[in-house]
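Novice: Take a look at the following structure, please.
In the working numbering, the protein residues as written are 1360 to 1845.
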């Protein structure tokens, strides 16, 4: 039996999850959980890297205290695009900036030198103002001292891995989120890097999920009372790990449901057509070295922000209480475009949703239930929009939707998704990213030999739920309203 440890970090929380692979089944146990939030200082949003690093150490300590033997391997996955800079001595040049700091002007500044159609043709990545490329160019234009003195750039999961192991490499799935990778050349997009005058020396060699990459630093192993466990490159982009853990087969679309809803399909090659570009779909990497044409949909961020608004008013609703209130509300009364630009930044989300409905001459949601139902139904309808475009991209009908991640705990949203898309929805596993992370470690250790075998382990280990569609004329009418809004 192998002891594997997945660090799965999201933009709102992180976990250390023990995975024990035994007889073709994976057994999970959460050992440590912690909150994660960006911090604003002087108008800039940062991630607190020393805090995150310490939480990883506490996760390793929790493994030792579990008394299950030696640690065979560990791996790290996080969200995409964000990075840190190291100086020539390997020291951190300030806390990493958070993607929520990005503004549209960052992208527009790049386009003066390399326009978006050219960037998409080179990288296959959608236009999101927070792409690593845009973030870096902003710092160059500002004359940022950290960038000028940087020797190394590491994306966030690789940065945390470096501080645990000393290894400086960049894993493929995370690199593909940056808008700095050329899938045709299968390397960094050196042409764009040179045209924008970004420092070439900071980009490190790229490796793949399922490869070993060093061991726990000896001084950390001694401090924590652990063996020098192997460190594996996993699908370091959490969506890549989550999609790897989907137990689907045949023609299916996936949705990794959390703060973002990452909605897409798997392909062997990037799809770089004008229609994909114009729909603002992106081509991110899979752990098997292929691609995930997908759409970033704003996701449960909308309800997370509303809940923060309610908490500031002294109303501490649980997630379950919010769903119960939504169930009581009138169906399909008001809908919004989940990707409306004003929704991207945090704060005053309730007011932003109300303002959207007011501007579009819809009933304004007032109660917790009305607002929550508006969000859930709007997400389900945006899933249909994304599914239809994926069918156009693939040139074939997609038979079902597989949803993974923490969002599947919202059974009301799962049923709404089935009703909106008029397809069966299969949900599970909840811990998709952690499971994909753990099984990529097993692959690195030679315990799993292929993606088919990996997904066989998922099917043997994790229960799934199925939601049958009830697509009514009311859902069809609501979808036509969404199309008019878009």
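Note that CB positions come from ideal geometry on N, CA and C, so glycine has one too.
Expressed to the nearest angstrom, what Euclidean distance is found between the alpha-carbon atoms of residue 1803 and residue 1768?
Specialist: Sequence index remark: in the chain shown, residue 1803 carries index 444 (1-based). Sequence index remark: in the chain shown, residue 1768 carries index 409 (1-based). Going by the C-alpha atoms only, they are around 31 Å apart.
Novice: Whole beta strand (DSSP E) runs in the region 1724-1808 with 3 or more residues, listed along the chain?
Specialist: Within the region 1724-1808, the complete beta strand (DSSP E) runs of at least 3 residues fall at 1759-1763 and 1784-1786.
Novice: So, are the CB atoms of residue 1588 and residue 1799 less than 9 Å apart?
Specialist: For the purposes of this step, residue 1588 is taken as the residue at position 229 of the chain shown. For the purposes of this step, residue 1799 is taken as the residue at position 440 of the chain shown. Cβ atoms of residue 1588 and residue 1799: not closer than 9 Å.
Novice: How about residue 1492 and residue 1432: are their beta carbons less than 9 Å apart?
Specialist: Within the chain shown, the letter at position 133 stands for residue 1492. Within the chain shown, the letter at position 73 stands for residue 1432. Their beta carbons are not under 9 Å apart, which means residue 1492 does not touch residue 1432 by this criterion.
Novice: Between the beta-carbon of residue 1784 and the beta-carbon of residue 1757, is there less than 9 Å?
Specialist: Numbered from its first residue, the chain shown carries residue 1784 at position 425. Numbered from its first residue, the chain shown carries residue 1757 at position 398. Going by C-beta atoms, residue 1784 is not nearer than 9 Å to residue 1757.
Novice: Tell me the rounded alpha-carbon separation between residue 1560 and residue 1510.
Specialist: Working through the chain shown from its first residue, we reach residue 1560 at position 201. Working through the chain shown from its first residue, we reach residue 1510 at position 151. Near 7 Å, if we compare the C-alpha coordinates of residue 1510 and residue 1560.
Novice: Using the beta-carbon count (16 or more within 10 Å), is residue 1770 buried or exposed?
Specialist: Here residue 1770 corresponds to residue number 411 of the chain shown, with the count starting at 1. It counts as exposed.
Novice: Would residue 1634 and residue 1751 be called neighbours here (beta carbons separated by less than 9 Å)?
Specialist: Along the chain shown, read from residue 1 onward, the residue named residue 1634 stands at position 275. Along the chain shown, read from residue 1 onward, the residue named residue 1751 stands at position 392. Cβ distance < 9 Å, so residue 1634 and residue 1751 count as in contact.
Novice: Residue 1524 and residue 1574 - do their beta-carbons sit closer together than 9 Å?
Specialist: Position 215 of the chain shown, counting from 1, holds the residue named residue 1574. Position 165 of the chain shown, counting from 1, holds the residue named residue 1524. It is a contact, given that the beta carbons lie within the stated cut-off.
Novice: May I have the straight-line CA-CA distance separating residue 1503 from residue 1496, to the nearest angstrom?
Specialist: Locating residue 1503 in the chain shown gives position 144, where the first residue counts as 1. Locating residue 1496 in the chain shown gives position 137, where the first residue counts as 1. Distance from the CA atom of residue 1503 to the CA atom of residue 1496, rounded to whole angstroms, is 10 Å.
Novice: Can you tell me whether residue 1831 is buried or exposed, with buried defined as 16 or more other CB within 10 angstroms of its CB?
Specialist: The residue you call residue 1831 lines up with position 472 of the chain shown. Residue 1831 is exposed by the Cβ-count criterion.
Novice: Would you list, in sequence order, the uninterrupted alpha helix (DSSP H) runs of no fewer than 4 residues that lie entirely inside the region 1577-1601?
Specialist: As far as the region 1577-1601 is concerned, its whole alpha helix (DSSP H) runs of at least 4 residues are 1577-1583.
Novice: Count the other CB atoms, across all protein chains shown, that sit within 10 Å of the CB of residue 1391; report buried if there are 16 or more and exposed otherwise.
Specialist: Your numbering for residue 1391 matches position 32 in the chain shown. Its Cβ being crowded by 16 or more others within 10 Å, residue 1391 is buried.
Novice: Measure the Cβ-Cβ separation of residue 1766 and residue 1691 and say whether it is below 9 Å.
Specialist: Walking along the chain shown from the start, residue 1766 turns up at place 407. Walking along the chain shown from the start, residue 1691 turns up at place 332. In this structure, residue 1691 does not lie closer than 9 Å to residue 1766 by Cβ.
Novice: Could you say if the region 1440-1459 and the region 1396-1408 meet the contact criterion of at least three C-beta pairs nearer than 8 Å?
Specialist: yes
Novice: Can you give the Cα-Cα distance for residue 1676 and residue 1773, rounded to whole angstroms?
Specialist: Walking along the chain shown from the start, residue 1676 turns up at place 317. Walking along the chain shown from the start, residue 1773 turns up at place 414. Whole-angstrom Cα-Cα distance: 21 Å.
Novice: Determine the DSSP secondary structure at residue 1605, reduced to helix, strand or coil.
Specialist: Here residue 1605 corresponds to residue number 246 of the chain shown, with the count starting at 1. Here residue 1605 sits in coil by DSSP.
Novice: Between residue 1687 and residue 1649, how many whole angstroms is the CB-CB distance? I'm expecting something under 8 Å.
Specialist: By one-based count along the chain shown, residue 1687 stands at place 328. By one-based count along the chain shown, residue 1649 stands at place 290. With a Cβ gap of about 44 Å, residue 1687 and residue 1649 do not count as contacting.
Novice: Which one of 1547, 1807 and 1532 has the shortest CA to CA distance from residue 1642?
Specialist: Along the chain shown, read from residue 1 onward, the residue named residue 1642 stands at position 283. Checking every option, the nearest Cα to that of residue 1642 belongs to 1532.
Novice: Which same chain residues end up closer than 7 Å to residue 1367 when comparing Cβ atoms and leaving out the 5 residues on each side of it in sequence?
Specialist: Reading the chain shown from its first residue, position 8 is the one you call residue 1367. Hits under 7 Å: 1373, 1374, 1376, 1436, 1597, 1792, 1793 and 1796.
Novice: Could you check what DSSP says for residue 1692 in three-state terms: helix, strand or coil?
Specialist: Looking up residue 1692 in the chain shown gives position 333. Residue 1692: coil per DSSP, three-state reduction.
Novice: For residue 1447, is the classification buried or exposed, using 16 other Cβ atoms within 10 angstroms of its Cβ as the cut-off for buried?
Specialist: Here residue 1447 refers to the residue found at position 88 when the chain shown is read from its first residue. Label assigned to residue 1447: exposed.
Novice: Anyone know if the C-beta pair for residue 1555 and residue 1624 falls short of 9 Å?
Specialist: Counting from one through the chain shown, the residue named residue 1555 turns up at place 196. Counting from one through the chain shown, the residue named residue 1624 turns up at place 265. No, these two residues do not count as a Cβ contact at 9 Å.
Novice: Tell me, please, which residues DSSP counts as bridged to residue 1615.
Specialist: Within the chain shown, numbered from 1, the residue matching residue 1615 stands at position 256. For residue 1615, which the question treats as bridged, DSSP gives the partners 1621 and 1763.
Novice: With distances taken from CA atoms, which of 1646, 1520 and 1823 is nearest residue 1413?
Specialist: Translated into positions along the chain shown, residue 1413 becomes position 54. Just measuring C-alpha positions, the residue of 1646, 1520 and 1823 sitting nearest residue 1413 is 1520.
Novice: Return the CA-CA distance between residue 1707 and residue 1701, expressed in angstroms with no decimal places.
Specialist: Along the chain shown, read from residue 1 onward, the residue named residue 1707 stands at position 348. Along the chain shown, read from residue 1 onward, the residue named residue 1701 stands at position 342. So the alpha carbons of these two residues sit roughly 10 Å apart.
Novice: With 16 other CB atoms within 10 Å as the buried threshold, where does residue 1508 fall?
Specialist: As a first step, residue 1508 is located in the chain shown; it is residue number 149 there, counting from the start. Counting Cβ neighbours within 10 Å, residue 1508 comes out exposed, since fewer than 16 surround it.
Novice: How many angstroms separate the CA atom of residue 1678 from the CA atom of residue 1735?
Specialist: For the purposes of this step, residue 1678 is taken as residue 319 along the chain shown, with counting starting at 1. For the purposes of this step, residue 1735 is taken as residue 376 along the chain shown, with counting starting at 1. CA-to-CA, the gap between residue 1678 and residue 1735 works out to about 13 Å.
Novice: Of all the options 1486, 1622, 1454 and 1428, which has the alpha carbon lying nearest to the alpha carbon of residue 1399?
Specialist: Indexing the chain shown from 1 puts residue 1399 at position 40. Residue 1399 has its Cα closest to that of 1454, out of 1486, 1622, 1454 and 1428.
Novice: Looking at the unbroken beta strand (DSSP E) that takes in residue 1650, where does it start and where does it end?
Specialist: Taking the first residue of the chain shown as 1, we reach residue 1650 at position 291. Counting along the chain, the beta strand (DSSP E) containing residue 1650 begins and ends at 1650-1656.
Novice: Is the region 1457-1465 touching the region 1602-1613, taking contact as three or more C-beta pairs under 8 Å?
Specialist: no
Novice: What would DSSP say about residue 1529, mapped onto helix, strand or coil?
Specialist: Within the chain shown, the letter at position 170 stands for residue 1529. Residue state, collapsed to three classes: strand.
Novice: Taking the continuous alpha helix (DSSP H) assigned at residue 1413, which residues delimit it?
Specialist: One-based indexing of the chain shown puts residue 1413 at position 54. Residue 1413 -> alpha helix (DSSP H) spans 1408-1424.
Novice: What is the DSSP secondary structure of residue 1399, counted as helix, strand or coil?
Specialist: For the purposes of this step, residue 1399 is identified with residue 40 of the chain shown, where counting begins at 1. Strand at residue 1399.
Novice: Does DSSP put residue 1826 in a helix, in a strand, or in coil?
Specialist: Counting from one through the chain shown, the residue named residue 1826 turns up at place 467. Strand at residue 1826.
Novice: Hey, how far is the Cα of residue 1817 from the Cα of residue 1723?
Specialist: Locating residue 1817 in the chain shown gives position 458, where the first residue counts as 1. Locating residue 1723 in the chain shown gives position 364, where the first residue counts as 1. Cα-Cα distance, rounded: 43 Å.
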